[in-house]
Amino acid sequence: MDVAGITPTLRAKDYKSDVAPVWCPGCGHFAVLSAVTKALAHLKLAKERVAMISGIGCSSRLPAYVDAYGFHGIHGRALPIASGLKAARPDLTVIVAGGDGDGFSIGGNHFLHACRRNMDLTYIVMDNEVYGMTKGQASPTTQPDWAKSKLTPHGTGMRPFLPTAIALAAGASFIARGFAGDPNGLTKLLVEAIEHPGFAFLQVLSPCQTFRPEQKEWKHLVHPSDMAPTDDPVEAARFIQADDGMALGLLYVRRLPVWQPQNQATATTADLEREFAL
Amino acid sequence: MTERSTLAGGATLAITGSGGSGAVTAGLILLAAVGRAGYYGLLGRSAGPQIRGGESAAMLRFGTQPIECMGDCFDLLVGLDWENVARFADELPLDRNSLILTDAQAEPIPEILLRSGAQVRSLPWKALADAQTEGRVNMVALGMVGAMLGLPLDALEAGARATLGGKSARVLSHSLDCVRSGYAAADASSVPSSASAPAVARWNISGNEAAGLGAVRGGVRFVAAYPITPASEVLEWLAPRLELLGGSLLQAEDELASINMIIGSSFGGVPSLTATSGPGLSLMVEGLGLAVASETPVVVVNVQRGGPSTGIPTKSEQSDLNIALHGLHGDAPHLVLAALGIRDCVDTVEWAVGLAEHLQTVAIVLSDQMLGQSRAIIDPPGDRPFGAGQRPHLQRLIAQEADPDHRRYRPTPDGVSPMALPGLAGGMYTGEGLEHGPGGAPSSRAIDHAEQLEKRLRKLTGFDYGPGWAEIRGEGDHLLLTWGSSAGPVFEAAQRLRDAGIPTRAIALRLLAPLQREALLEAIGSAGSILVVEQNQTAQCFAYLHSQRALPTHARSFARPGPLPLRPAEIMRALTERHERQET
Chain A
1 MDVAGITPTL RAKDYKSDVA PVWCPGCGHF AVLSAVTKAL AHLKLAKERV AMISGIGCSS
61 RLPAYVDAYG FHGIHGRALP IASGLKAARP DLTVIVAGGD GDGFSIGGNH FLHACRRNMD
121 LTYIVMDNEV YGMTKGQASP TTQPDWAKSK LTPHGTGMRP FLPTAIALAA GASFIARGFA
181 GDPNGLTKLL VEAIEHPGFA FLQVLSPCQT FRPEQKEWKH LVHPSDMAPT DDPVEAARFI
241 QADDGMALGL LYVRRLPVWQ PQNQATATTA DLEREFAL
Chain B
1 MTERSTLAGG ATLAITGSGG SGAVTAGLIL LAAVGRAGYY GLLGRSAGPQ IRGGESAAML
61 RFGTQPIECM GDCFDLLVGL DWENVARFAD ELPLDRNSLI LTDAQAEPIP EILLRSGAQV
121 RSLPWKALAD AQTEGRVNMV ALGMVGAMLG LPLDALEAGA RATLGGKSAR VLSHSLDCVR
181 SGYAAADASS VPSSASAPAV ARWNISGNEA AGLGAVRGGV RFVAAYPITP ASEVLEWLAP
241 RLELLGGSLL QAEDELASIN MIIGSSFGGV PSLTATSGPG LSLMVEGLGL AVASETPVVV
301 VNVQRGGPST GIPTKSEQSD LNIALHGLHG DAPHLVLAAL GIRDCVDTVE WAVGLAEHLQ
361 TVAIVLSDQM LGQSRAIIDP PGDRPFGAGQ RPHLQRLIAQ EADPDHRRYR PTPDGVSPMA
421 LPGLAGGMYT GEGLEHGPGG APSSRAIDHA EQLEKRLRKL TGFDYGPGWA EIRGEGDHLL
481 LTWGSSAGPV FEAAQRLRDA GIPTRAIALR LLAPLQREAL LEAIGSAGSI LVVEQNQTAQ
541 CFAYLHSQRA LPTHARSFAR PGPLPLRPAE IMRALTERHE RQET
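Dropping the structure here:
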């Protein structure tokens with residue numbers, strides 16, 4: 001495994017694969033894909049040094065659309081796959097992509113532990129407050145009174161999962177929120193997230209045109225965060241709790257120890273075998 | 001037909017006591033000592049589910065030939081105290097030839113033990129211990145028993161030093177004084193030692209350590225796992241040693257994470273493994289399907305325990321065969337292997353790693369509590385497992401050069417496609433759990449599904465596994481067929497039947513899937529009586545072999561659940577009862 005190459009001539013479109021997305025017209029995820037390729041181009045990352053990892057869901061199709069190494073896994077398990085890859089191959093830039101159901105419901109435990117493990121991963125969650133691929137069920141971030149799903153005809157009756165608050169409580173070292181309708185801001189946040197040494201969590205408000213058409217209104221509701229990014233978790237927690245969930249930008253960033261095994265071989269298996277000899 | 005006739009020298013003994021009595025420590029020292037005296041040995045242990053305290057027993061058998069099972073009943077029962085012994089008296093079979101050693105000052109021996117008709121000797125352990133500074137009954141008893149078994153004092157002392165290495169010099173010194181005191185007080189004149197030193201230094205190793213060693217010998221350099229009894233020692237052995245080898249172990253948040261982490265690391269090119277036990281394997285099966293579909297090599301060592309659900313975590317059973325074979329949804333061909341003994345844990349796990357890597361698939365290796373948590377004095381394993389007929393190195397086929405037309409899942413004649421590793425320009429692809437075309441793009445087309453299913457099956461069924469699929473011993477019209485850790489008692493039963501004039505063969509299956517059906521049928525031949533032996537309630541292997549049309553219709557099953565270990569005598573009885581019925 002040679003040193004990471006630099007390929008200065010690549011443009012964003014060179015990072016797109018020739019696989020056609022399955023996403024519905026107008027899906028916010030197109031903008032995320034575009035931001036990913038722009039960020040990779042901006043960072044001049046060699047395509048073969050990038051690995052995009054995902055679980056299952058509309059958003060999790062993203063790795064196939066990026067011309068890099070990728071792994072499309074199973075529902076909720078993107079973070080463990082990415083963590084194993086990064087532990088084994090620290091030379092790679094590992095980006096994890098998924099949705100709100102994948103990341104916060106079935107994968108909720110992995111989310112907590114990925115935050116506290118603080119490996120050098122970038123985790124993009126495309127949050128549209130609905131399960132799109134299974135045709136419109138409530139997700140952990142869905143409002144309690146959303147009653148359009150046949151599974152929860154009276155709404156969920158539960159308070160929504162607060163991704164940024166939970167990431168902070170679990171120990172994430174980089175927390176940001178972007179919006180699919182703000183491609184330049186999203187690209188900038190992605191660049192910062194990838195460059196951040198440690199676990200970078202980026203919640204992307206990514207409207208679902210098919211099952212949540214009312215999310216078209218998001219473009220009028222989002223607003224830049226009125227707080228400068230802080231490294232103080234108490235201050236960040238106060239802001240995040242008071243936030244309407246629509247504030248965009250980098251909310252919290254802190255240098256914390258990055259978990260990465262770095263062991264040099266100093267023994268052979270034959271050396272180990274000697275311990276058993278009588 | 002007692003076990004005692006089969007060992008030229010040696011004995012079987014159990015040391016029992018309540019928690020803190022030092023029964024297991026005494027057993028460990030005795031095992032180390034018999035090894036140093038030139039014997040082979042096997043040390044099993046029994047414990048309740050308590051974390052501290054409770055009952056414990058160490059069971060040791062030693063002799064001049066490799067020891068593969070505990071035998072039928074115990075020559076010696078060393079009772080350090082009799083608290084709680086009723087909880088596992090059924091694990092300590094005794095008979096009229098047995099001898100119970102007890103402290104003269106101890107409580108009366110429980111009736112449940114005396115019913116066997118065993119002889120009893122009361123010995124002054126406590127009095128001797130009290131005469132020593134910080135004297136310990138277990139060490140005095142150890143010295144005395146060691147002398148009665150004919151072990152040299154220096155072997156006992158060396159065994160104590162090796163076993164108590166982590167203790168302070170003061171503790172070691174007092175312990176050695178107690179051992180010497182017990183040794184000197186014994187009447188040892190009648191038992192000569194009959195072992196001689198081997199040419200090559202033997203090993204003292206547990207099954208779980210052996211599995212860990214097999215993993216690193218096979219090239220594993222990344223492990224992710226979640227603690228579970230009785231698999232944790234595999235991980236505890238590996239964690240510091242992987243670091244020495246330049247690898248690492250990651251303690252995951254759960255078993256779902258473990259299996260997916262090793263899929264990620266293996267995707268990155270590092271041979272990877274996890275170890276678990278039944279409930280953990282249940283949690284991993286979805287991930288195993290992903291590894292099969294994405295053709296990512298991974299190995300799972302499943303140290304079986306009593307099931308279902310949380311079952312009996314500290315005791316053994318062979319009841320995870322069904323889930324290992326059939327747990328994955330869809331048509332998901334993968335490898336299932338089972339280690340046949342402690343020494344075999346090294347070879348079987350190493351082989352499994354090589355096969356998984358070479359065939360880019362999942363290998364589940366079935367060990368169990370009995371294998372994993374027992375220790376043995378063994379001959380060191382050879383250089384390569386099951387070498388004859390095998391490729392010298394089973395390795396992953398890695399794409400070495402940039403190829404603009406690289407298609408990760410392109411069908412090849414043997415079904416194995418070169419795998420590009422991240423970092424190789426021109427090899428980029430997306431590992432995929434959805435059905436996919438040759439390039440890896442998701443596909444729901446019937447033709448892609450058929451082609452990829454066929455490729456994934458063919459690479460397993462078309463491979464030449466060589467002679468490692470089973471171990472076959474002996475000749476005879478009668479056949480004992482078994483798998484995994486039941487091999488030990490089955491091999492001994494077959495040997496004793498042959499010694500008694502009943503020609504009996506034994507076949508122990510190491511590779512259970514893909515089943516080597518033709519080779520098995522050939523090995524079975526025209527056997528007159530066939531008994532399939534396994535330690536589970538529902539005859540899982542027997543049913544599997546029938547489902548594969550790999551058994552003649554006259555084959556019979558001898559299956560019973562754990563946690564009591566299978567004994568050679570009951571296997572002999574099960575075969576000969578059938579044999580006698582055929583005669584009449």
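Line by line, the protein sequences are chains A and B.
Going by UniProt numbering, the residue at position 63 of the first sequence is 63; the numbering climbs one at a time, nothing skipped.
Going by UniProt numbering, the residue at position 44 of the second sequence is 44; the numbering climbs one at a time, nothing skipped.
We put the beta carbon where it would ideally sit given N, CA and C, even for glycine.
Quick caveat, the model's predicted, so the values are computed rather than measured.
Write down every uninterrupted run of the alpha helix (DSSP H) in the stretch 164-193 of chain A whose length is 4 residues or greater and which is fully enclosed by it, in chain order. none
How many angstroms separate the CA atom of B/L30 from the CA atom of B/C69? Between the C-alpha atoms of B/L30 and B/C69 there is a straight-line separation of about 17 Å.
Decide if A/M52 is buried, meaning its Cβ has at least 16 other Cβ atoms within 10 Å, or exposed. buried
Inter-stretch contact at 8 Å, needing at least 3 Cβ pairs: the stretch 512-522 of chain B / the stretch 330-337 of chain B: yes
Any chance you could list the alpha helix (DSSP H) runs of at least 4 consecutive residues sitting entirely within the stretch 33-103 of chain A, in chain order? 62-65, 78-88
Quick check on the DSSP output: the alpha helix (DSSP H) that includes B/N260 runs from which residue to which? 255-267
Buried/exposed call for B/T12, threshold 16 Cβ in 10 Å: buried
Spatial neighbours of B/D254 within its chain, please: C-beta separation below 6 Å, excluding the five flanking residues on both sides. By the criterion of a C-beta distance shorter than 6 Å, B/D254 is surrounded in its chain by Y226, once the five residues flanking it on both sides are discounted.
Please name the residues in the stretch 248-262 of chain B whose beta-carbon is closer than 9 Å to at least one beta-carbon of chain C, in chain order. This model lacks chain C altogether, as its protein chains are A and B.
Just to make sure I have the definition right: I need the residues of chain A whose C-beta is within less than 7 Å of the C-beta of B/E432. Which are they? Chain-ordered, the chain A residues with CB closer than 7 Å to the CB of B/E432 read H72.
Contact criterion: CB-CB distance below 8 Å. Does A/A247 meet it with respect to chain B? Not a single C-beta of chain B is nearer than 8 Å to the C-beta of A/A247.
Would you be able to state if there are at least three C-beta pairs under 8 Å between the stretch 95-114 of chain B and the stretch 397-412 of chain B? no
Here's the rule I'm using: 16 or more other beta-carbon atoms within 10 Å means buried, otherwise exposed. How should B/P49 be labelled? exposed
If you count every other CB in all the chains shown that lies within 10 Å of the CB of B/L128, and 16 or more means buried, which is it? buried
Is the beta carbon of B/I530 sitting closer than 8 Å to the one on B/L479? yes
Hey, does A/N118 have any beta-carbon neighbour from chain B nearer than 8 Å? no
How close, in whole Å, do the beta carbons of B/L43 and B/A57 come, if the pair is a contact with beta carbons under 8 Å? Contact doesn't hold; Cβ gap of about 11 Å is too wide.
A/P257 versus chain B: which residues are under 9 Å apart at the beta carbon? Correct list: empty, because the minimum Cβ distance to chain B is about 15 Å.
Expected contact under 8 Å - CB spacing of B/E55 and B/N84 to nearest Å: 4 Å
Would you please verify whether the beta carbon of B/A376 is less than 8 Å from any beta carbon of chain A? no
Could you say which of A/I56, A/E192, A/L10 lies nearest to A/E48 if we only look at CA atoms? Distances from the alpha-carbon of A/E48 to those of A/I56, A/E192, A/L10 put A/L10 closest.
Please report the distance separating the alpha-carbon of A/R117 from that of A/I166. 14 Å
Confirm the yes/no value for this check: CB of B/C73, any heavy atom of the ligand SAM, distance under 7 Å. The model depicted lacks the ligand SAM and carries no ligand whatsoever.
Assigned exposure category for B/S547 - 16 Cβ within 10 Å defines buried: exposed
Chain A partners of B/I205, CB-CB under 7 Å? Close to B/I205, with beta-carbon spacing below 7 Å, are these residues of chain A in chain order: F276.
For the candidate residues B/P308, B/L460, B/H449, B/D347, whose alpha-carbon lies nearest to that of B/Q360? Among B/P308, B/L460, B/H449, B/D347, the Cα nearest to that of B/Q360 is on B/L460.
Please state whether DSSP places A/Q241 in a helix, a strand or coil. Note: A/Q241 maps to helix in three-state DSSP.
How far does the beta strand (DSSP E) with B/Y465 in it extend, from its first residue to its last? Bounds of any beta strand (DSSP E) do not take in B/Y465, whose DSSP letter is neither H nor E.
Give a yes or no on whether the minimum CB-CB distance between B/F558 and chain A is below 8 Å. no
Taking contact to mean at least 3 C-beta pairs separated by less than 8 Å, is the stretch 109-127 of chain A in contact with the stretch 203-215 of chain A? yes
Cβ of B/P424 within 8 Å of any chain A Cβ: The question names Pro, but residue 424 of chain B is Leu in the sequence shown. Taking a beta-carbon distance threshold of 8 Å, B/L424 counts as an interface residue toward chain A.
Which residues of chain B have a Cβ atom closer than 9 Å to the Cβ of residue 282 of chain A, listed in chain order? No statement about residue 282 of chain A is possible, as the shown extent of chain A runs from 1 to 278 and does not include it.
Buried or exposed: B/M572, going by 16 or more other Cβ atoms within 10 Å of its Cβ? buried
Cβ-based burial, B/R343 [other Cβ within 10 Å; buried from 16]: buried
Residue closest to A/F199, alpha-carbon to alpha-carbon, out of A/Q215, A/T142, A/M133, A/H113: A/H113
Under 8 Å between C-beta atoms, does B/V270 make it to chain A? yes
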